[in-house]
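Working notes, beginning with the structure itself.
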Amino acid sequence: MKLDIIAQLVQILKDAPDVGAIEIRRGWFGAWSSVRVSKAGHVPGNTGGHVLVTQAPPAAGPSAPSGAPAPAPAPAASHLLEIKSPMVGTFYSAPEAGAQAYVKVGSRATVGQVVCIIEAMKIMNEIESEVGGVVKEVCVQNAQPVEFGQVLFRVDPNG
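Numbering (the numbering used here), first residue to last: 7 to 165.
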């Protein structure tokens, strides 16, 4: 979701003291994503406090039905490091269909190791890890569209 839209949601939330959260869901070619803007420690009538913005990554499959709760993004443990997408494109976990994934949960990743491919404009871009450690979470599914800055993996540098 674009930053200017999120900024508008934050302003709406600040201007409405009795509203604790705003959630927007959108679909795109069989995938959906959502962004939730909420007040931390919201108490009706309290205009102070911090505003939290959380964005769920796009999920493959049909759009979520209207009124259905959006899945909450998994909270990142504070000691885990994130490998994020450097571009918009399609995530691939392996070099070709049927091949083993570059990394999976429990794999050890090293700095400079290829961890996935992101296809952008028909170009296959090998994504290298900028951190070393044990992969604790794979945050996207194979062949799923990804956004710039979206978390792909969470890695435990102490593992």
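Don't be surprised by glycine CBs; every beta carbon is placed ideally from N, CA and C.
Non-local beta-carbon contacts of Gly-155 in its own chain, meaning distances under 8 Å to residues more than five positions away in sequence, involve Lys-90 and Ser-91 in chain order.
DSSP places Phe-154 in no beta strand (DSSP E); its state is neither H nor E. Collapsing the DSSP output to three states places Ala-126 in a strand.
Taking C-alpha positions only, Asn-131 is separated from Ile-124 by approximately 5 Å. The beta carbon of Ala-107 lies closer than 6 Å to those of Ser-99 and Ala-100 in the same chain, with the five residues before and after it left out. In this model, Lys-142 and Ala-27 are separated by some 30 Å (Cα to Cα). Counting the other CB atoms within 10 Å of its CB gives Pro-163 a total below 16, which places it among the exposed residues. Under a 10 Å Cβ-count criterion, Ile-129 is classified as exposed, with fewer than 16 other Cβ atoms of the shown protein chains found around its own Cβ. The beta carbon of Val-109 lies closer than 6 Å to those of Ala-115, Val-121 and Val-141 in the same chain, with the five residues before and after it left out. Around the beta carbon of Ile-133, a 10 Å sphere encloses 16 or more other beta carbons of the protein chains shown; the residue is thus reported as buried. In this structure, Phe-97 lies near Val-152, with their beta-carbon atoms less than 8 Å apart.
The Cβ atoms of Glu-136 and Val-117 lie closer than 8 Å to each other. DSSP, read as helix, strand or coil, puts Val-141 in strand.
Taking a 10 Å sphere around the C-beta of Gly-95, we find 16 or more other C-beta atoms and assign the residue as buried. An exposed status is given to Gly-104, since fewer than 16 other beta-carbon atoms sit within 10 Å of its beta-carbon.
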